[in-house]
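Participant: Here you go, one structure.
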Amino acid sequence: MSDYESVPAGSAEQRAQPRYRLGYTLPVRDLRGRALGQLSNLSAEGFMLVSDEPLEANRRYDLVLQAEGGEVRLSARCVWCQPSSYSTNHGAGFRIEVVLVDDRPRFQALLRTAGPELA
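Take the sequence shown: its position 72, counted from the start at 1, is 258 in our numbering, and no numbers get skipped.
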């Protein structure tokens, strides 16, 4: 689970879908255009974001993933956030709540082209 080993109990390993490491940088911003970080891994139900700043746990964020095939707009809830032990970054786990209907094909394409599955 990379550097973010001590994820709060009850929030980390409840995944029903496989997650995939991205082999490239995928920027994430909010709807105002503010850069929040970049994706570390992705599943159909959630993702991990690496950010320069801590993000608020249990808050819903409206986000834009800057995917190669175009933007993917979604709403996701930050489940946990903690600082890295080897950098100044923070890792944050998100549960996806809504992917905009028009962006679902791009989201599915993003999942299909993601890197190797993580254990």
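Backbone N, C-alpha and C define an ideal beta-carbon position, used for all residues, glycine too.
On a predicted model such as this, the values are computed, not experimentally measured, just so you know.
#1: Where does the unbroken alpha helix (DSSP H) through arginine 292 begin, and where does it stop?
#2: If you compare alpha carbons, which of Gln203, Pro291, Val250 and Val258 is closest to glycine 219?
#3: Using 8 Å as the threshold, is the C-beta distance between tyrosine 206 and alanine 278 below it?
#4: Classify asparagine 244: buried if its beta carbon has 16 or more other beta carbons within 10 angstroms, exposed otherwise.
#5: Tell me which same chain residues have a C-beta within less than 6 Å of the C-beta of alanine 295, skipping the five on either side of it?
#6: Where methionine 234 and leucine 241 are concerned, what is the direct C-alpha to C-alpha distance, given to the nearest angstrom?
#7: Could you name the residues of the same chain whose beta carbon sits closer than 8 Å to that of proline 204, not counting the 5 residues immediately before and after it, in chain order?
Facilitator: If we stick to the structure as given:
#1: Here residue 292 refers to the residue found at position 106 when the sequence shown is read from its first residue. Taken as a continuous stretch (DSSP letters only), the alpha helix (DSSP H) holding arginine 292 covers 290-299.
#2: One-based indexing of the sequence shown puts residue 219 at position 33. The option with the nearest alpha carbon to glycine 219 is Val250.
#3: The count along the sequence shown starts at 1 and reaches residue 206 at position 20. The count along the sequence shown starts at 1 and reaches residue 278 at position 92. Not a contact, by the Cβ cut-off of 8 Å.
#4: Residue mapping note: residue 244 aligns to position 58 of the sequence shown, counting from 1. Per the 10 Å Cβ criterion, exposed.
#5: By one-based count along the sequence shown, residue 295 stands at place 109. Around alanine 295: Gly255.
#6: As a working note, residue 234 is residue 48 in the sequence shown. As a working note, residue 241 is residue 55 in the sequence shown. Cα to Cα, the separation comes out at about 12 Å.
#7: The residue labelled residue 204 in the question sits at position 18 within the sequence shown. If we look at proline 204 and ignore the five residues flanking it on each side, its Cβ neighbours are Ser229, Glu303 and Leu304.
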